[in-house]
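Residue numbers (this note's numbering): 4 to 143. Below is one structure, written out as structure tokens; the observations come after it.
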């Protein structure tokens, strides 16, 4: 098994854990579920808002599931060149985290709306490491 396949499969496993949590235990603080946001619990006081948030969480899980299944197809059927290009695509797509999501979670973290505190920094480092591993795997 190539290093590229190992990286893709590792990413699939990590993201699959997130998808499962988003579908079956969205309020959890494990596997990057939404329980880290204090607004998750607060939203339960407003059923229509909580239903909307649950809808968006399930939508994210479904979108992630689509690309995970595509990655599985790439690992099984694609040649090494296509696998490398898929890692480049993942790196570029994952960079978008720093454009929209990171500024928001950092702001919420500063306001005390994220538990544990400084989770935004941990998440930012983790996402950066993903991107670095994707790029390293392309080169190796």
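Don't be surprised by glycine CBs; every beta carbon is placed ideally from N, CA and C.
Identity of the residues DSSP links to residue i by a beta bridge
i	result
residue 40	117
Best match in the options for proximity to residue i [C-alpha to C-alpha]
i	options	result
residue 96	84, 64, 131 and 6	131
residue 127	40, 104 and 21	104
residue 139	33, 46, 101 and 94	94
residue 11	48, 68, 20 and 90	90
residue 42	111, 102, 121 and 73	111
residue 16	129, 109 and 71	71
First through last residue of the alpha helix (DSSP H) which encompasses residue i
i	result
residue 49	Residue 49 -> no alpha helix (DSSP H), and no H or E assigned at all.
residue 32	No alpha helix (DSSP H) contains residue 32, which DSSP labels as neither H nor E.
residue 129	122 to 142
Residue i burial status per 10 Å Cβ neighbour count (16 or more: buried)
i	result
residue 123	buried
residue 37	buried
* Asked: Considering only residues of the stretch 55 to 116, which uninterrupted alpha helix (DSSP H) runs meet the minimum length of 4 residues and lie entirely inside it, listed in chain order?
  -> 83 to 98 and 104 to 113
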